[in-house]
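Heads up: the structure comes next, in structure tokens.
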Amino acid sequence: MIENALIGEFSRFYMSNISDEAINSFSKTVRVKKYKTGEILINKGTSKFYIIIDGIVASFSKNSQNDREYIRTIHIENYAFTDLFYQIEDLDLAHIDLDSKTPEDYYKCLTNCTLLEGDFNDFMNLIDVNHEISLLYNKINQTLLLQILKRLDRLSLLDATDRYKILKERIPQIENLIPQYQIASYLNITPVQLSRIRKKIYSV
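Numbers given in our numbering equal positions in the sequence shown, counted from 1, plus 127.
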């Protein structure tokens with residue numbers, strides 16, 4: 128079963144000692160799916176979750192006033208994601224500042240992608256009865272939180288050139304995979320600024 132092998136590789140990326148039994152149970156909640164460049168995966172309210180096997184997926188914010196898309200994060204293999212608002216919709220969040228006028232958020236494939244797709248409710252039911260999967264879920268969330276904090280630090284503390292170099296270390300062939308304007312959006316600069324950065328780096 129291909130899902131079992133893929134879930135095994137994903138799970139052991141975060142938790143090396145997870146058992147074959149737990150992996151087998153987890154694999155039953157997902158299925159392999161193919162998506163094409165430009166397909167939107169998650170809009171607010173969906174119960175689905177995804178695991179990237181191959182390809183590049185980005186999270187977007189869309190400004191309703193000017194209809195512009197902004198790339199918040201770029202993700203590659205072994206990244207899992209879902210709609211955070213769906214996860215927390217049953218919690219009492221009256222004390223948290225969640226602006227109802229925030230931009231539209233969604234995930235979209237920047238390249239052709241192979242993903243594992245499952246229902247988040249099924250996964251949460253599995254967490255309730257399987258301690259190993261519960262531990263795995265915590266490890267995944269901890270890792271993803273660290274990635275978010277690193278992203279915020281880079282935007283706050285590093286200039287665009289350094290952010291570009293880090294992106295290139297992470298995805299060396301990024302220019303051959305997605306358009307320049309998407310790279311620029313992720314770096315929070317204009318395509319013209321990106322062109323200048325690349326010219327400066329590669330002319331040295």
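Where is the CB? At the ideal position from N, CA and C, for every residue including glycine.
Can you look up D249 in the DSSP assignment and give me helix, strand or coil? Working through the sequence shown from its first residue, we reach residue 249 at position 122. Helix, per DSSP.
Say whether the segment 182 to 202 touches the segment 239 to 249, bearing in mind that this needs 3 or more beta-carbon pairs closer than 8 Å, one atom from each stretch. Contact annotation: the segment 182 to 202 touches the segment 239 to 249, with at least three C-beta pairs closer than 8 Å.
According to DSSP, what are the bridge partners of E196? As a working note, residue 196 is residue 69 in the sequence shown. For E196, which the question treats as bridged, DSSP gives the partners K189.
Per DSSP, cross-strand counterpart(s) of Y177: The residue given as residue 177 occupies position 50 in the sequence shown. Y177 pairs with F208 and E244.
DSSP-derived helix/strand/coil call for L203: The sequence position of residue 203 within the sequence shown is 76, counting from 1. Note on identity: in this sequence residue 203 is Ile, with Leu being the wrong assignment. Looking at I203 - three-state DSSP - the assignment turns out to be coil, as it is neither helix nor strand.
Helix, strand or coil for S143, going by three-state DSSP, please let me know. Reading the sequence shown from its first residue, position 16 is the one you call residue 143. In the three-state scheme derived from DSSP, where H, G and I count as helix and E and B as strand, S143 is classed as coil.
Within 10 Å of its beta-carbon, does I150 have 16 or more other beta-carbons around it, so buried, or fewer, so exposed? Reading the sequence shown from its first residue, position 23 is the one you call residue 150. So I150 counts as buried.
What's the C-alpha gap between T317 and L294? By one-based count along the sequence shown, residue 317 stands at place 190. By one-based count along the sequence shown, residue 294 stands at place 167. Between the alpha carbons of T317 and L294 lies a gap of roughly 16 Å.
I need the DSSP call for L168, collapsed to helix, strand or coil. As a working note, residue 168 is residue 41 in the sequence shown. Reduced to three states, the DSSP call for L168 is strand.
On a CA-only basis, which of Q274, Q300, I260 and Y329 is nearest R139? Give me that one, please. In the sequence shown, the residue the question calls residue 139 occupies position 12. If we check each option's Cα against that of R139, I260 comes out closest.
Starting from R158, follow its DSSP beta bridges and name the residues at the other end. Taking the sequence shown and counting its residues from 1, one reaches residue 158 at position 31. Paired residues: E244.
Residue interval of the alpha helix (DSSP H) (run including S330): Counted from its first residue, the sequence shown places residue 330 at position 203. Taken as a continuous stretch (DSSP letters only), S330 belongs to no alpha helix (DSSP H), as it is neither H nor E.
Between A311 and the rest of its own chain, which residues show a CB-CB distance below 8 Å, the 5 nearest in sequence each way excluded? If you number the sequence shown from 1, residue 311 lands on position 184. Cβ neighbours of A311 within its own chain (closer than 8 Å, five residues either side excluded): T317, P318, Q320 and L321.
Rounding to the nearest angstrom, what Cα-Cα distance links M128 and R195 in this structure? Taking the sequence shown and counting its residues from 1, the one referred to as residue 128 is at position 1. Taking the sequence shown and counting its residues from 1, the one referred to as residue 195 is at position 68. M128 and R195 have their alpha carbons spaced roughly 42 Å apart.
N- and C-terminal bounds of the alpha helix (DSSP H) containing D289: Locating residue 289 in the sequence shown gives position 162, where the first residue counts as 1. That run of the alpha helix (DSSP H) goes A287 to R297.
Exposure label - I169; buried when at least 16 CB within 10 Å: Along the sequence shown, one-based indexing puts residue 169 at 42. Buried is the call here.
Mapping DSSP to helix, strand and coil, what is K277? In the sequence shown, residue 277 corresponds to position 150, counting from 1. In the three-state scheme derived from DSSP, where H, G and I count as helix and E and B as strand, K277 is classed as helix.
For Y313 and L279, the rounded distance between their alpha carbons: Numbered from 1 along the sequence shown, position 152 holds the residue referred to as residue 279. Numbered from 1 along the sequence shown, position 186 holds the residue referred to as residue 313. If I take the Cα positions, the gap works out to 12 Å.
Going by Cα to Cα distance, which pick from G135, I203 and F153 is closest to R251? On the sequence shown, position 124 is the one that residue 251 refers to. Looking at the sequence itself, residue 251 is Met, so the reference to Arg does not match. Residue nearest to M251 within the set G135, I203 and F153 is F153 (criterion: CA-CA distance).
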